[in-house]
Amino acid sequence: MLSFFRSTFFRRSAGHFRRAGVRRESTTATPQLLGQKARRYPWLTPTMVLVGVMPFFTFALGTWQVQRLKWKVDLIDELEEKLRREPLMLPPKINLAIIPEFVYRKVLMSGKWDYDHTIIVGPRTRDGTAGYHIIMPLIRSNGTTVLVDRGFVSKEAFDKFTKATRTTDEASIQGMLRVSQVRNAFTPDNHPEKGEWYWIDVDAMAEHAGGEKANVQPVLVEEIFEGHAGQAAARLKEGIPVGKSPVVEMRNSHMSYVITWYSLSAFTTLMFIRLLARQRRAHARMPR
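First residue of the sequence shown: 8, per my numbering; consecutive thereafter.
What follows is the structure in structure tokens.
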């Protein structure tokens with residue numbers, strides 16, 4: 008009987024110690040495994056991960072800017088093609104929904120100026136000269152009214168413009184159809200009640216000029232000036248508005264963005280390769 012208890016006790020004790028030994032081995036294996044992985048991938052640090060991601064991120068941004076560049080070039084080509092077409096007679100009633108399709112299209116119209124609802128937009132600059140843009144309603148013979156951006160008047164000659172004789176003669180205008188300006192975050196609010204206009208809001212300006220009750224249509228035409236520089240200087244000196252040249256003025260800086268992002272992609276790629284080589288050299292010198 009005693010021998011039976013001894014053999015049973017030793018068998019259970021041996022099994023218990025073996026299980027304990029297995030548990031001890033499993034608890035010590037994890038740090039060893041992590042140490043092996045760390046020695047296997049010594050370059051896998053947060054800095055290396057960040058630098059490794061940057062080439063792909065900046066390359067994607069550069070590719071996106073290439074697509075934007077193509078879109079902008081196509082848009083400018085389309086607008087320039089519209090400018091080359093023969094001018095249209097502006098119809099009495101204008102379908103406002105299709106105006107965006109006719110932006111930069113030359114139009115012809117005639118009528119008399121509504122001086123009482125002149126709108127001064129500014130400050131503005133033209134070739135480094137401070138001044139304002141003059142928006143005036145044109146009352147057409149059919150009774151409808153549209154807004155005309157007559158052009159730029161310098162600040163120095165603004166008094167001459169305000170004191171100029173108001174003509175009652177009919178004016179013939181050639182201009183380009185335009186839409187409201189896109190307001191940025193730094194542009195102040197317009198205050199029509201105070202006569203303060205900082206950006207062109209066609210709907211608000213048409214309402215200020217009398218709105219639908221006065222047959223004022225929210226349509227803006229930029230008057231075209233095709234004279235030479237000497238004629239423009241003479242008009243500025245006399246306080247006569249200088250209209251826009253018939254050219255497409257649209258900012259296109261996407262090429263600079265393409266160069267910037269692709270350059271950053273190449274630079275961060277070289278940086279990653281150099282850091283990786285440095286990490287590997289440092290690992291090779293470590294004792295094993």
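Using N, Cα and C, we set each Cβ at its ideal position, and we do this for glycine too. As the structure is a prediction and not an experimental result, all values here were calculated from the model.
| Check | Outcome |
| --- | --- |
| Taking the CB atoms as reference points, tell me whether residue 69 and residue 166 lie closer together than 9 Å. | no |
| Taking the DSSP output, what are the residues bridged to residue 284? | In the DSSP output, where bridge partners are listed per residue, residue 284 has none listed. |
| Report the residue from 106, 282 and 198 whose alpha carbon sits nearest the alpha carbon of residue 184. | 106 |
| From which residue to which residue does the alpha helix (DSSP H) around residue 242 run? | 236-245 |
| Starting from the C-beta of residue 55, find all residues in its chain whose C-beta is less than 8 Å away, skip the five residues before and the five after it, and write them out in chain order. | 279, 282, 283 and 286 |
| Going by the DSSP bridge assignment, what does residue 131 pair with across the sheet? | 138 |
| Check for me: the beta strand (DSSP E) holding residue 64 runs from which residue to which? | Run containing residue 64: none in the beta strand (DSSP E); it sits in the alpha helix (DSSP H), 53-90. |
| First and last residue of the alpha helix (DSSP H) that includes residue 251? | Neither: residue 251 is in no alpha helix (DSSP H) and is coded neither H nor E. |
| Who pairs with residue 181 in a beta bridge, going by DSSP? | 115 |
| At what residues does the beta strand (DSSP E) containing residue 156 begin and finish? | 152-161 |
| Does residue 204 come out as helix, strand or coil in the three-state DSSP assignment? | strand |
| For residue 179, is the classification buried or exposed, using 16 other Cβ atoms within 10 angstroms of its Cβ as the cut-off for buried? | exposed |
| Which residues in the same chain have their Cβ closer than 6 Å to the Cβ of residue 129, if we skip the five residues on either side of it in sequence? | 139 |
| Does the separation of the CB atoms of residue 186 and residue 153 fall below 9 Å? | no |
| Does residue 186 come out as helix, strand or coil in the three-state DSSP assignment? | coil |
| Residue 229 by DSSP, collapsed to three states: which one? | strand |
| Within 10 Å of its beta-carbon, does residue 197 have 16 or more other beta-carbons around it, so buried, or fewer, so exposed? | buried |
| Identify, in the order they occur along the chain, each residue of the same chain with its Cβ nearer than 7 Å to the Cβ of residue 272, setting aside the five sequence neighbours on each side. | 62, 65, 66 and 69 |
| Helix or strand or just coil, what does DSSP make of residue 101? | coil |
| Identify whether residue 262 lies in helix, strand or coil by the three-state DSSP scheme. | helix |
| Among 60, 75, 156 and 181, whose alpha-carbon lies nearest the alpha-carbon of residue 264? | 75 |
| Considering only residues of the same chain and omitting the five flanking positions on each side of residue 29, which have a CB-CB separation below 8 Å? | With a pLDDT of 45 at residue 29, under the threshold of 50, the modelled position of this residue cannot be trusted; read the value that follows with caution. Taken in chain order, the list of residues that qualify is empty. |
| Under the DSSP definition of a beta bridge, which residues are partnered with residue 147? | 118 |
| Kindly list the residues whose CB is nearer than 6 Å to the CB of residue 250, restricted to its own chain and excluding five residues on each side of it in sequence; keep chain order. | 158, 230, 231 and 232 |
| With burial defined as no fewer than 16 other Cβ atoms inside 10 Å of the residue's Cβ, what is the status of residue 213: buried or exposed? | buried |
| Under the three-state reduction of DSSP, which class applies to residue 110: helix, strand or coil? | coil |
| Taking only the alpha-carbon atoms, compute the straight-line gap between residue 135 and residue 234 and give it to the nearest angstrom. | 19 Å |
| Apart from the five residues just before and just after residue 117, which ones in its own chain have a Cβ nearer than 6 Å to its Cβ? | 177 and 179 |
| Kindly indicate which three-state DSSP category residue 257 falls into: helix, strand or coil? | coil |
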